[in-house]
Amino acid sequence: MKPTVTSKGRLIVISAPSGAGKTSLIAALLNTHRDRLHLSVSTTTRPPRPGEVHGKDYFFCEQDIFKQRIDDGEFLEWALVHGNYYGTSRDWIEAQLKQGNFVVLEIDWQGAQQIRAQFPNERVVSIFIRPPSIEVLRERLVARGKDTAEVIDERVRAAAEELAHANEFDYVIMNQEFAAALRDLNGLVAQIISTPA
Ligand code: 5GP
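Sequential numbering from 1 applies to the sequence shown in my numbering.
Encoded structure:
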């Protein structure tokens with residue numbers, strides 16, 4: 001007999017200050033659960049970093065277009081982060097949920113608050129990935145070599161603000177050591193995927 005599909009999908013919100021290792025962890029997470037997880041690709045007004053691909057890492061767009069899209073209600077959530085706008089496509093997320101998919105949203109704490117406000121608890125699981133300390137975070141941003149000193153200062157300042165919101169999340173994973181953090185994240189997501197909402 002064919003199983004009846006009654007699940008309506010769930011949103012897995014993952015937030016972390018930049019440099020907390022979130023992007024590498026999420027890439028590895030998606031690789032492990034390739035057949036079950038769908039990553040939401042955000043739209044941003046931030047210029048692409050070297051190597052970033054339009055439509056894969058982000059949809060890059062001009063600020064006036066972004067603001068028009070806000071007015072048109074195209075974003076399920078949006079926020080101004082480090083001076084740039086970022087937003088999640090409402091249509092895409094709703095289509096994924098209707099299909100019963102598990103969607104990963106890599107967004108900041110402001111976006112996480114907006115998502116929690118719009119969906120019942122059982123539809124959203126939020127995970128915060130934190131660096132061991134602000135000092136370690138600064139070292140990682142410097143080692144990454146992708147941002148200027150001013151940008152790094154601004155990101156460290158924003159990270160302190162972001163960390164103050166860690167307690168709003170359902171789960172907090174400390175990324176002290178990549179392999180251990182990935183094991184925690186993979187285990188947690190495996191549990192989420194296998195538990196009916
Ligand atoms: P980055 O520019 O380093 O890729 O991302 C900067 C910050 O913006 C990160 O904290 C990231 O989680 C957040 N971000 C990326 N996309 C979105 C989005 O669609 N909505 C919100 N609220 N934040 C986002």
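In this text, a Cβ means the ideal position worked out from N, Cα and C, and glycines have one as well.
This one's a predicted model, so the numbers in the text were calculated from it and none came from an experiment.
Under the three-state DSSP convention, the category residue i falls into
i, result
"Val189", "helix"
"Arg34", "coil"
"Val172", "strand"
"Phe178", "helix"
"Glu94", "helix"
"Gly19", "coil"
"Pro196", "coil"
"Asn84", "strand"
"Ser24", "helix"
"Arg183", "helix"
"Pro3", "Low local confidence applies: a pLDDT of 38 at Pro3 is under 50, so the model's placement there is unreliable, and no value is given."
Whole-Å CB distance - residue i paired with residue j, under 8 Å assumed
i, j, result
"Ile65", "Ile127", "Contact flag wrong, Cβ pair sits at about 31 Å."
"Gly9", "Gln118", "Not quite, the Cβ-Cβ distance comes to about 14 Å (not below 8 Å), so this is no contact."
"Trp109", "His38", "So it is not a contact: roughly 22 Å between Cβ atoms."
"Asn186", "Thr32", "5 Å"
"Phe178", "Ser24", "7 Å"
"Leu137", "Ala20", "6 Å"
"Ile193", "Val104", "Wrong, their Cβ atoms sit about 11 Å apart, outside the cutoff."
"Ile134", "Val156", "6 Å"
Continuous beta strand (DSSP E) stretch holding residue i: start and end
i, result
"Ile14", "10–15"
"Ile65", "Ile65 -> not in any beta strand (DSSP E); alpha helix (DSSP H) instead, spanning 63–71."
"Val104", "102–106"
Terminal residues of the alpha helix (DSSP H) in which residue i lies
i, result
"Ala79", "Looking at the DSSP string, Ala79 is not in any alpha helix (DSSP H); the run it does join, the beta strand (DSSP E), is 75–81."
"Gly111", "109–118"
Within-8 Å CB hit, residue i to chain B
i, result
"Ser40", "In the structure shown, chain B cannot be found, because there is only a single protein chain."
Item checked: Start-end ranges of the alpha helix (DSSP H) lying completely within the segment 123–151, minimum 4 residues -> Counting only runs of 4 or more, we get 134–144.
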